[in-house]
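**Q** Okay, here's the structure, questions in a sec.
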DNA sequence: CTGAAAGCGCTAACAC
DNA sequence: GTGTTAGCGCTTTCAG
């Protein structure tokens, strides 16, 4: 390993001069600067970031903690976070907690022991369960992703799930659908609730009532893949019903579930969207790859990732002055082929 | 931040004693050990890993460098690598180079400056272009993922692409298909070549000749999504052909492309697999979510990830003694709904 | 068995 | 302007 010492020796100066050149603390003679710089180049010296971090008490490291990576939204979010960090001269540590609190805690610990400058965190559990527990462990600037809560100490960023639900309902109502079904995840999760309440409220505004048997809570327990829940849901909405009772539109609370719905409809040779319109939320990569391509409400993942990193940077900069804020990002209606006018 | 100093003060011992307790270098009296341990607990002291790393010249950090995260195989591989690292007490830095050599180089640089103990690297470019360039920059234990090459300095791990091609061909031939089409990526990439050569060679073994117009090189340039290439390919295999000329089976060189093929077939109301069988490679999450679910040749991503980390650990341990090895992992035939017996 | 001291590679006061 | 010195939090000789 080449160190400042080596450079200093070659250039015939002291290490602090080398340091000064590197940090552009202008108080260095142009001539010595040149000499040092050529020595740096000759030795191909690169400052060691561990030592820098120890001394400067800043690691230039951001820790990103997510549930998993097998899910498009997380993978994509991670990709954008990485990009933003890189751009700002930070590297990204990635940890996955698989929705296990123990793992989550040890990741937080580990990352803090690595002096991360900031943490972007998507909690394993609902905000209720956590507040007392994990919160005290965290002593670095943190942005909560997706599961936010107000503690005016940590920033948060999330998607406007309520509005997403409303947009979906409005769009389907605008296509003249009256008999509408939907899936929901476990209502314990805020974001799940929000999506559903938005959907229901907007239907009410539109003068549409959603029948109880047309709302299906999926067994969203991480043991059954989402799309299988979708297949089950489609079955529930179709089996043993008279034609009049069959919904003309199905809104799934996420795209994975929607893909399962579509799969089951294909299996039954039901035409999409001619007979039944299908819609999701998230705008994952899959939406364009299936037939028919899926109409959905998109999350602005890139913006959310960039904003998260910006918030972290701001928090790092301001320190105590920082005032925690929860940023809620706008959903976007993305119309593809899986939805159409109601024909009955 | 709580440091050893604080613990030492509280326990009434020296920092070196604290360090000894932490590192279990047994030469410490049971009684003082107890005192120190209770002080540690009381203060909730956690050793700082940056300082440890600087001193020990081991960061307990593995750097994973991949092209991107929007692709299922990479996301999944990353997930498994993270899990393996975690298990072994390592954290994972993640970097994405988006197939840009410049970015790749700066990631390697950056990670090395962070004293990563090892690197798992999926190159941005084909091995040819790189050897002179990047190789010299890398001075830590490295495992090449997916794009391997023999330089007996770095380990490598990849999927047996040739065999994957063979397995696909054998399976389709076994279903009695004779008129078979396939897609290929840019033949400059070894792994693309391997898949195709395996496919072609096995067809020859089976006494089947693949017509030139039934091999379509996709414009696999990262500007067009894979699945769009698949749609284009399907069109090319179908348009302006007499019924006799239309293939009864299409093998795509990856699952994303296969999904595009399926999409286009749906659009034309062609029954899968009754009229045309479709098959892919990789076994990405999508394969189960589309209709019909996709028969494919699976990569053992979990094994590959675990093996990569093991190789890194071995290399770290053995140092100069380490003998670089290229490990080639077995493909697995996964039969789903998109393929069936030839009916013509 | 334990404490004191040196040093990992770097930066920042403080002299000169 | 530049060199000297101290110190970030830790481990590891070396004495005792």
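Chains as they are written, first to last, in the UniProt record's numbering: chain A, 1 to 344; chain B, 1 to 344.
In this text, a Cβ means the ideal position worked out from N, Cα and C, and glycines have one as well.
(1) Take residue 118 of chain A as the anchor and find which of A:102, A:155, A:124, A:236 has the nearest alpha-carbon.
(2) Is it buried or exposed, residue 84 of chain A, if we count other Cβ atoms within 10 angstroms and call 16 or more buried?
(3) Taking CB distances under 7 Å as the criterion, tell me whether residue 45 of chain B reaches chain A.
(4) Apply the 10 Å Cβ neighbour rule to residue 133 of chain B and answer buried if 16 or more other Cβ atoms are within range, or exposed otherwise.
(5) Helix, strand or coil for residue 145 of chain A, going by three-state DSSP, please let me know.
(6) Quick check on residue 16 of chain B: does DSSP put it in helix, strand or coil?
(7) In chain B, which residues lie with their C-beta within 7 Å of the C-beta of residue 53 of chain A?
(8) At which residue ranges does the region 217-297 of chain B contain complete alpha helix (DSSP H) runs of 4 or more residues, listed in the order of the chain?
(9) If I'm right that residue 277 of chain A touches residue 203 of chain A with Cβ under 8 Å, what's the distance once you round it to whole angstroms?
(10) Should the region 137-147 of chain A be regarded as contacting the region 311-324 of chain A, the criterion being three or more beta carbon pairs within less than 8 Å?
(11) Quick one: which chain A residues come within Cβ less than 8 Å of residue 193 of chain B?
(12) Would you mind giving the Cβ-Cβ distance between residue 335 of chain A and residue 167 of chain A, rounded to the nearest angstrom? I have them listed as a contact below 8 Å.
(13) Can you look up residue 329 of chain B in the DSSP assignment and give me helix, strand or coil?
(14) Take residue 196 of chain B and list the residues in its own chain whose beta-carbon comes closer than 8 Å to its own, dropping the five residues that flank it on each side.
(15) Looking at the C-beta of residue 127 of chain A, does it have a partner C-beta in chain B at a distance below 7 Å?
(16) Tell me which residue opens and which closes the beta strand (DSSP E) that residue 63 of chain B is part of.
(17) Opposite residue 184 of chain B in the DSSP bridges: which residues?
(18) Among the candidates B:12, B:92, B:44, whose CA atom is the shortest distance from the CA of residue 32 of chain B?
(19) Does any C-beta atom of chain A lie closer than 7 Å to the C-beta of residue 338 of chain B?
(20) With residue 347 of chain B as the anchor, note down where its alpha helix (DSSP H) starts and where it stops.
(21) Looking at C-alpha atoms only, which residue of A:63, A:114, A:10, A:180 is the closest neighbour of residue 92 of chain A?
(22) Are residue 49 of chain B and residue 9 of chain A touching if we call contact CB-CB under 7 Å?
(23) Can you check whether the C-beta of residue 90 of chain A is within less than 7 Å of a C-beta belonging to chain B?
(24) Along the beta strand (DSSP E) that carries residue 91 of chain A, what are the first and last residues, could you check?
(25) Can residue 107 of chain B and residue 82 of chain A be called in contact, C-beta distance under 7 Å?
(26) Taking only three categories from DSSP, how would you classify residue 9 of chain B?
(27) With H, G and I counted as helix, E and B as strand and the rest as coil, what does DSSP make of residue 119 of chain B?
(28) Going by alpha carbons, who is nearest to residue 217 of chain B out of B:5, B:234, B:15?
(29) Note down the Cα distance separating residue 189 of chain A from residue 67 of chain B, rounded to an integer number of angstroms.
(30) Who are the Cβ neighbours of residue 290 of chain B in its own chain at under 7 Å, not counting the five residues just before and after it?
(31) If you measure from the beta carbon of residue 77 of chain A to each beta carbon in chain B, is any gap under 7 Å?
(32) If the cut is a Cβ gap below 7 Å, which residues of chain B does residue 117 of chain A touch?
(33) Who are the Cβ neighbours of residue 128 of chain B in its own chain at under 7 Å, not counting the five residues just before and after it?
(34) Say whether chain B places a C-beta atom closer than 7 Å to the C-beta of residue 328 of chain A.
(35) Could you name the residues that DSSP lists as bridge partners for residue 156 of chain B?
(36) Could you compute how far the alpha carbon of residue 282 of chain B sits from the alpha carbon of residue 158 of chain B?
**A** In this structure, then:
(1) Ranked by how close their Cα comes to the Cα of residue 118 of chain A, the residues A:102, A:155, A:124, A:236 have A:155 in first place.
(2) Result: buried.
(3) No, residue 45 of chain B does not count as interfacial toward chain A.
(4) Exposure of residue 133 of chain B is indicated by the presence of fewer than 16 other C-beta atoms within 10 angstroms of its C-beta.
(5) Reduced to three states, the DSSP call for residue 145 of chain A is strand.
(6) Here residue 16 of chain B sits in helix by DSSP.
(7) Within 7 Å Cβ-Cβ: 50.
(8) You should have 226-238, 255-267.
(9) The beta carbons of residue 277 of chain A and residue 203 of chain A sit about 14 Å from each other, so the pair does not count as a contact at 8 Å.
(10) Contact between the region 137-147 of chain A and the region 311-324 of chain A is present, because at least three Cβ pairs lie under 8 Å.
(11) Simply none; closest approach about 25 Å.
(12) For residue 335 of chain A against residue 167 of chain A, the beta-carbon gap comes to about 11 Å, at or over 8 Å, which does not count as contact.
(13) In the structure shown, residue 329 of chain B sits in a strand (DSSP, three-state: E or B).
(14) The beta carbon of residue 196 of chain B sits closer than 8 Å to those of 165, 182, 184, 187, 215, 253, all from its chain and outside the five residues before and after it, given in chain order.
(15) Residue placement at residue 127 of chain A is poorly supported in this model, since its pLDDT is 45, which falls under 50; the coordinates still yield a value, given next. Output row for residue 127 of chain A: interface = no.
(16) First-last of the beta strand (DSSP E) with residue 63 of chain B: 61-66.
(17) DSSP, once it has assigned bridges, lists B:217 as partnering residue 184 of chain B.
(18) Nearest option by C-alpha distance: B:12.
(19) Cβ-Cβ to chain A under 7 Å: no for residue 338 of chain B.
(20) No answer is possible for residue 347 of chain B: it lies beyond the span of chain B, which begins at 1 and ends at 344.
(21) For the residues A:63, A:114, A:10, A:180, the minimum Cα distance to residue 92 of chain A belongs to A:63.
(22) Result no, Cβ atoms of residue 49 of chain B and residue 9 of chain A do not sit closer than 7 Å.
(23) No, its Cβ sits nowhere closer than 7 Å to a Cβ of chain B.
(24) Under the DSSP assignment, residue 91 of chain A falls in the beta strand (DSSP E) whose first and last residues are 91-96.
(25) No, they are not a contact pair.
(26) Correct three-state label for residue 9 of chain B: helix.
(27) DSSP places residue 119 of chain B in strand when its eight states are reduced to three.
(28) Ranked by how close their Cα comes to the Cα of residue 217 of chain B, the residues B:5, B:234, B:15 have B:234 in first place.
(29) One alpha carbon belongs to residue 189 of chain A, the other to residue 67 of chain B, and they sit about 34 Å apart.
(30) So the list reads 259, 262, once near-sequence residues are dropped.
(31) Contact with chain B is absent for residue 77 of chain A, since none of that chain's Cβ atoms lies less than 7 Å from the residue's Cβ.
(32) In chain order: nothing, as chain B lies at least about 12 Å away.
(33) Because residue 128 of chain B sits at a pLDDT of 48, beneath the cut-off of 50, its placement in the model cannot be relied upon, and the following sentence gives the value as read from the coordinates. Excluding residues within five positions, none has a Cβ falling inside 7 Å.
(34) For residue 328 of chain A, the answer is no, since every Cβ of chain B falls outside 7 Å of its Cβ.
(35) Beta-bridge analysis with DSSP links residue 156 of chain B to B:144, B:326.
(36) Distance between the alpha carbons of residue 282 of chain B and residue 158 of chain B is about 12 Å.
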